[in-house]
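A short worksheet on the structure shown next.
Dropping the structure here:
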């Protein structure tokens with residue numbers, strides 16, 4: 001199974017950190033932020049569960065651009081073979 005070696009960018013890592021620090025962040029945004037931060041300077045990949053959550057966020061109009069940015073980062077770090 002091919003590994004995805006992409007890592008969270010410093011910009012997204014900063015956004016993730018701010019999201020986790022904010023009391024106004026939604027539970028979904030916090031989960032996405034935690035997943036993105038876990039993949040900073042790491043070869044960890046997104047779980048199937050988080051990939052599904054991130055996909056739903058990206059397809060919905062109810063989430064902010066910041067939450068969608070976190071979701072996009074999480075999806076980009078998913079297992080490349082899973083989608084096949």
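Residue numbers (full-length UniProt numbering): 1 to 84.
Heads up, the beta-carbon is just placed ideally off N, CA and C, and yes, glycines get one too.
Since this is a predicted model, take the numbers as computed values, not measurements.
| Query | Result |
| --- | --- |
| Give the range of the alpha helix (DSSP H) segment to which residue 64 is assigned. | First-last for residue 64: undefined, no H or E at that position. |
| Just the C-alpha distance for residue 6 and residue 61, rounded to the nearest angstrom, thanks. | 27 Å |
| When DSSP labels each residue in this structure, what does residue 35 get in the three-state scheme? | helix |
| Say whether the stretch 68-81 touches the stretch 25-42, bearing in mind that this needs 3 or more beta-carbon pairs closer than 8 Å, one atom from each stretch. | yes |
| Is it buried or exposed for residue 16, if we count other Cβ within 10 angstroms and need 16 for buried? | buried |
| Spell out whether any CB of chain B is found under 7 Å from the CB atom of residue 48. | Within the model displayed, chain B is absent; a lone protein chain is all it includes. |
| Indicate whether residue 43 and residue 33 have their beta-carbon atoms separated by less than 7 Å. | no |
| Residue 9: buried (16+ other C-beta within 10 angstroms of its C-beta) or exposed? | exposed |
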